[in-house]
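Following this note's numbering from start to finish, the sequence shown increments by one per residue and tops out at 579. Scroll down for the structure; my scribbles are underneath it.
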Amino acid sequence: MFELHITSAEGATRKERLNARVSVGRALENGIAFPEDLALSRRHFVLEPRGGDWVVEDLGSRNGTFVNGTALVEPCKLRPGDTISAGGVTLVFHSSAPARSDRTVVFLGETNDELLQKGVFTKLDAMPGREIESALQSKSADGIPRVQALLEAGRSLAGHRSLDEIFSLILDLSSRAVGAHRGVVLTLDHGELIPRATRGDDFRISHTVRRRVIDGRESLLIRDARAEQAFQGSMTIVEQGIRSFLAVPLQTEKEVLGLVYLDSPGFIHDFTPDDLTLLTVMANIAAIRIEHARLLEVEEIEKAHFKEMQQAAEIQGNLLPADAPVLPGYEFWGSSTPCRAVGGDYFDYIPLAGGRMAVLIADVAGKGLAAALLMTSLQARVHLLAEEDQDLGSFVTRLNRSVAASCPGNRFVTFFLAAIEPSTGQVSYANAGHNAPMLLRRNGKLELLSEGGPVLGILKQMRYSGVLTILDPGDLLCLYSDGVTEAVNPAGDEYGEDRLENALRASAHLGSAFEIQRAILRDVAAFTGAAPANDDLTLVIVRRSM
């Protein structure tokens, strides 16, 4: 068996077991879908078994599929450890994890249901109220009414406890209530039953018991396992001298969370149907308490996460320019809005040697906290390199080497930098795979500043060079991230470069860079309406007034 260890563009990780042919892409109909990763094609590549091996094949994607860094041109047989990259997604092909060495619980093969007829099966929702009341009023082997055990369980489980404490308490209360010598509490985790509290070890539980308790929501009592042919044979509980056992679901109204299994070895007393009723009701109360504790833990985690993200957003916001620079004859105005608490967009203004002013914009692939961390690292590198007097090409070349040395394999950075010489309006720029900024001339002509090289962080030895242009009085320079042009309306249509150009032209007559930027953002907002943002949105306007 094989599985994929998947890392999305946002840094989220998960595992997927490979059982049959599966396609990967942006469309939701794929077996593995990443609808937010716009670098993926709708159906990007496929994994399928062929002749005993697993093969990956590109499906004519726009940006290509890579195996161990090499572009895929034909179907490729996979070996454990191979890395598949596409868009911002990374998938590592692995052999399935080895079987658990934990022998606390062993699930045996199926048991013939016909041979379980001597067992007692019941369901909580099928128990008449009078039957439950009668069972709880009866006395246990030690002469104490069973209802007392139920009341004790209710009181003990009512306090604020961690999940680990609750599991241990459930086992302790259950064992005492029915006089069990051994037992285990198991909960479901992605379809697997995991021991949470144990008394004893090497429990042997039939898959039939597991299936009927978990899937059928049934409680089971076997009163003399040694006499039941259903449990005769190798690797059964009979080998351990188990005389009687109980298995009941930990169930809420909506779902089964796990099960409680108790048994009695040797000649300790047999369990009774009244014990089964008591344990079934007790497990139901315990399941509700487990669910409540889980919700509380999730709530606490979410509160802590929210607080951390608030702090991260505040820190990141402080890294972006608080004010526009003052440069006689020029106006600057920019803003960045992450689609989540933090994001991967970055813009800045940096004074350079000789009185020049640099304006830049960058976009780290992906969104969320991972992208924000890389953005922070990028900002530090940019400011460090800006302290040296060097030409623009050398600046971006060195920045690329630094980014490539530390950027994860599934990440890259689009980057644009323009250095303005105030007195002449001469602009030296380099574009590293970023959306081409729009230079709107006073006479209405539009130029796209697209020349440069590939994105940062992929080709470590790439050399970049600066390109010259002029910013004349009355000209406007518009820098933006793809969150602007790829913003979508409720119908799924993109804002696009044409709408951005039209908005820039329509607002060019306004009196300041601030008003121009605000007008464009209003146009984007009017287009998207109630549709949620699917990417960080950054927009910077530079205007030469004289």
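Here a beta-carbon is modelled for each residue, glycine too, at the ideal position from N, C-alpha and C. It should be emphasised that the depicted structure is a prediction, and the values quoted were computed from it without experimental measurement.
Starting from residue i, trace the beta strand (DSSP E) both ways and give me its first and last residue.
i, result
"N468", "From DSSP, N468 is part of no beta strand (DSSP E); its letter is neither H nor E."
"V500", "500 to 503"
"L393", "390 to 397"
"E420", "First-last for E420: undefined, no H or E at that position."
"V573", "570 to 577"
"F78", "78 to 83"
"T370", "363 to 370"
"V122", "122 to 128"
"L37", "35 to 40"
"R215", "215 to 222"
"E69", "Taken as a continuous stretch (DSSP letters only), E69 belongs to no beta strand (DSSP E), as it is neither H nor E."
Could you tell me whether the Cβ atoms of residue i and residue j are closer together than 9 Å?
i, j, result
"S514", "L572", "yes"
"P506", "L360", "no"
"A398", "F445", "yes"
"A520", "V557", "yes"
"L309", "S252", "yes"
"V138", "F236", "yes"
"A210", "L292", "no"
"L554", "G516", "no"
"A559", "P523", "no"
"G367", "D396", "no"
"A541", "E364", "no"
"F78", "I117", "yes"
"G212", "G233", "no"
"I549", "L533", "no"
"Y382", "M390", "yes"
"R76", "A60", "yes"
"C440", "N567", "no"
Give me, in chain order, the residues of the same chain whose beta-carbon lies closer than 7 Å to that of residue i; leave out the 5 immediate sequence neighbours on both sides.
i, result
"A53", "none"
"I334", "none"
"E49", "E36, L37, I39, I65"
"I503", "G458, Q459, V460"
"A320", "L283, Q284, T285, L290"
"I227", "L219, T220"
Just grab the DSSP bridge partners of residue i for me.
i, result
"Q459", "E454, I503"
"T241", "DSSP, once it has assigned bridges, lists no residue as partnering T241."
"Q284", "V289"
"S56", "V79"
"G485", "N464"
"A319", "Answer by DSSP bridge pairing: none, since A319 is not bridged."
"R47", "I39"
"T430", "Bridge partners of T430: none, in fact."
Does chain C have any CB closer than 9 Å to the CB of residue i?
i, result
"L407", "No chain C is part of this structure, which consists of one protein chain only."
Figure out for me which residue from the options has the closest Cα to the Cα of residue i.
i, options, result
"N476", "F448, L509, Y462, I491", "L509"
"V500", "M471, K478, V460", "V460"
"F278", "V217, L292, V289, D296", "D296"
"L71", "A357, G93, G58", "G58"
"G85", "R112, G97, L385", "R112"
"S41", "L61, L432, E69", "E69"
"G387", "E420, V106, L312, A210", "E420"
"G426", "Y497, A546, V180, Y363", "Y497"
"N351", "T409, I323, F304", "T409"
"M579", "L537, G362, I394", "G362"
"A465", "L479, D303, V488", "V488"
"E198", "H214, A230, V55, R179", "A230"
"I394", "Y462, D531, D248", "Y462"
"L124", "L80, E166, E107", "L80"
"V180", "I247, R327, S207, L328", "S207"
Near residue i, what residues of its chain come up, given a Cβ to Cβ distance below 6 Å and the 5 sequence neighbours on each side ignored?
i, result
"A469", "L481, L482, S483"
"G529", "T518"
"L105", "D91, T98"
"R47", "I39"
"C109", "V89, V100"
"V281", "S252, V293, L312, T313, A316"
"E324", "T285"
"N96", "A72"
Could you spell out the range, first to last residue, of the alpha helix (DSSP H) harbouring residue i?
i, result
"L190", "179 to 191"
"V106", "From DSSP, V106 is part of no alpha helix (DSSP H); its letter is neither H nor E."
"G97", "From DSSP, G97 is part of no alpha helix (DSSP H); its letter is neither H nor E."
"I615", "The question about residue 615 has no answer here: the residues shown for the chain are numbered 34 through 579."
"F445", "Premise fails: F445 is in no alpha helix (DSSP H) and is neither H nor E."
"D508", "D508 -> no alpha helix (DSSP H), and no H or E assigned at all."
Quick one: residues in its chain with C-beta nearer than 8 Å to the C-beta of residue i, no 5 flanking neighbours on either side, listed in chain order?
i, result
"S414", "According to the sequence displayed, residue 414 carries Arg and not Ser. For R414, where only same-chain residues beyond five positions count, the Cβ hits under 8 Å are L432, S435, V436."
"I318", "L183, A186, G187, L190"
"G93", "S74"
"H127", "F35, E36, L37, H38, P113, G114"
"V122", "I39, T40, S41, A42, V57, F67, D70, L73, N443"
"E527", "T518, E519, A520, V521"
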